[in-house]
Amino acid sequence: MEGVIYRKTQSGLDEMITRANGLSVKLRQLLIQIDGLKPVSALVTPLSGRELVQGLMSLEWDGLIEKIGTVPVAPATGKASEHAAANGATGADSGLISSSQIERIRQVLQMCNRAHLQGELDDWLDTTLPRANTELALNSCLDFWNMRMQERGQAANARTYMQQITAILQKN
């Protein structure tokens with residue numbers, strides 16, 4: 010189980026925005042961590058052991074995540090596992106994102122920041138987001154942004170912005 014890699018399904022991505030399934034805090038945190046790149050052993054979650062397995066099975070049963078592969082589990086540190094995942098050891102594409110795509114995403118998020126977050130993410134948009142040139146890093150950034158939008162009650166607007174970001178990423 011530790012070497013299994015899961016990714017969010019479209020229903021899982023929708024759940025991130027709508028919270029329609031009423032997931033517990035722990036299951037929601039687990040869903041947030043699942044990115045299609047990290048194996049179960051590299052997930053940072055309050056769940057462990059049987060509770061983690063049950064959480065993954067529950068998310069999979071509800072159609073929010075799906076298995077996409079496995080990696081051999083080595084007795085490595087977390088940083089080594091993350092490094093291996095970032096370098097494609099998961100069997101997934103390294104997922105490099107072009108600087109022009111990152112810039113267009115930054116512009117979309119900057120509009121969102123000004124309109125809905127009162128400039129709360131100004132520094133973050135200038136420092137952190139421009140360095141997110143892999144799928145893993147960008148997913149982490151988008152999870153952070155989405156949590157801020159959710160905290161402000163802006164789930165519907167977050168969904169609209171995510172559609173724009175998805176369109177940017179689909180263009181090569």
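For what it's worth, this note's numbering labels the leading residue of the sequence shown as 10, then goes sequentially. Glycine is no exception: its CB is placed at the ideal position from the N, C-alpha and C atoms. This one's a predicted model, so the numbers in the text were calculated from it and none came from an experiment.
- Per DSSP, the beta-bridge partners of G78 are I14.
- Separation of the CB atoms of S20 and L73 is rounded to 5 angstroms, and the pair is thereby assigned contact status at 8 angstroms.
- Annotation for R59: the continuous alpha helix (DSSP H) segment containing it runs 58 to 70.
- Between I114 and I41, the C-beta gap is not smaller than 8 angstroms, which leaves the two residues out of contact.
- In the displayed model, L105 falls within a strand according to three-state DSSP.
- DSSP places L151 in the uninterrupted alpha helix (DSSP H) bounded by 144 to 160.
- Its Cα nearest to that of I111, the residue L147 stands out among Y170, L147, Q159.
- Between L138 and C121, the C-beta spacing is not below 8 angstroms.
- With a beta-carbon spacing of about 6 angstroms, N142 and L105 fall inside the 8 angstroms limit used to define contacts.
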